[in-house]
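Going by the numbering used here, the first residue of the sequence shown is number 1, and it counts up by one from there.
See below for the structure under consideration.
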Amino acid sequence: MDAALRLLHAALQDRHDLDALLDAPDFFSTNAKTCRQLVKDHSQLSNAFRRAVLSAISAGSTAYTKRNRYIHDVLTENLLDHRWEGASLSRRGDEAPRAVATSFEDAVSLVLELVTATWRLRACALHLLTGEWESMTFGQVSGRWDGSAGSSH
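Pasting the structure below:
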């Protein structure tokens with residue numbers, strides 16, 4: 001998903017070379033913020049496309065935040081009911097982190113959300129660069145377990 005957002009960052013500046021991908025901000029959240037501003041400042045985007053891109057960036061940011069919880073939190077088994085819980089490894093003040101129930105189904109759902117967000121970001125970039133990819137840019141995108149996606153428009 002990082003590469004797709006980097007491609008969007010490049011496309012918003014009418015660039016499509018490798019250096020353009022490398023010039024994008026290193027952190028996903030920083031790049032998302034930069035891309036939002038580039039969308040707002042871009043004078044040649046239609047309102048519909050502007051909404052589609054901002055929606056794709058928002059969905060990507062939400063999925064990326066959820067992904068960070070799975071990657072950076074600790075996953076433990078609750079000894080009382082044998083359910084899985086995730087908890088942050090950092091304190092907020094003196095307060096201990098709160099455990100949140102999770103499941104295999106939640107993990108699968110997150111993978112599909114990440115795949116969907118990646119394809120939406122990629123489609124917006126490619127639509128901006130080529131004028132194609134309308135179905136995934138403006139339609140409903142559904143990520144699949146194998147990393148592919150389908151769309152309807």
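For each residue, glycine too, the CB sits at the ideal point set by N, CA and C.
Alpha carbon of residue i to alpha carbon of residue j, nearest angstrom
i, j, result
"residue 132", "residue 112", "24 Å"
"residue 16", "residue 102", "40 Å"
"residue 42", "residue 13", "9 Å"
"residue 23", "residue 121", "17 Å"
"residue 2", "residue 49", "21 Å"
"residue 196", "residue 140", "Only positions 1 to 153 of the chain appear in the structure, and residue 196 is not among them; the question remains open."
"residue 27", "residue 64", "11 Å"
"residue 19", "residue 134", "26 Å"
"residue 6", "residue 21", "5 Å"
"residue 129", "residue 39", "14 Å"
"residue 69", "residue 62", "11 Å"
"residue 30", "residue 67", "16 Å"
"residue 105", "residue 84", "11 Å"
"residue 76", "residue 93", "22 Å"
Option nearest residue i by Cα separation, candidates the options
i, options, result
"residue 118", "105, 137, 128", "137"
"residue 59", "26, 20, 142", "142"
"residue 145", "116, 126, 139", "116"
"residue 33", "19, 9, 52", "9"
"residue 71", "86, 127, 62, 57", "86"
"residue 123", "53, 95, 110, 83", "53"
"residue 127", "152, 104, 83, 45", "45"
"residue 114", "25, 37, 57, 35", "57"
Bounding residues of the beta strand (DSSP E) (the contiguous stretch that carries residue i)
i, result
"residue 152", "149 to 152"
Range covered by the alpha helix (DSSP H) that runs through residue i
i, result
"residue 140", "Counting along the chain, residue 140 falls outside any alpha helix (DSSP H), though it belongs to the beta strand (DSSP E) covering 140 to 143."
"residue 2", "2 to 11"
"residue 29", "28 to 41"
"residue 19", "18 to 23"
"residue 114", "104 to 130"
Would you mind listing the alpha helix (DSSP H) stretches within the stretch 44 to 76 that are 4+ residues and don't spill past its ends, in chain order?
47 to 72
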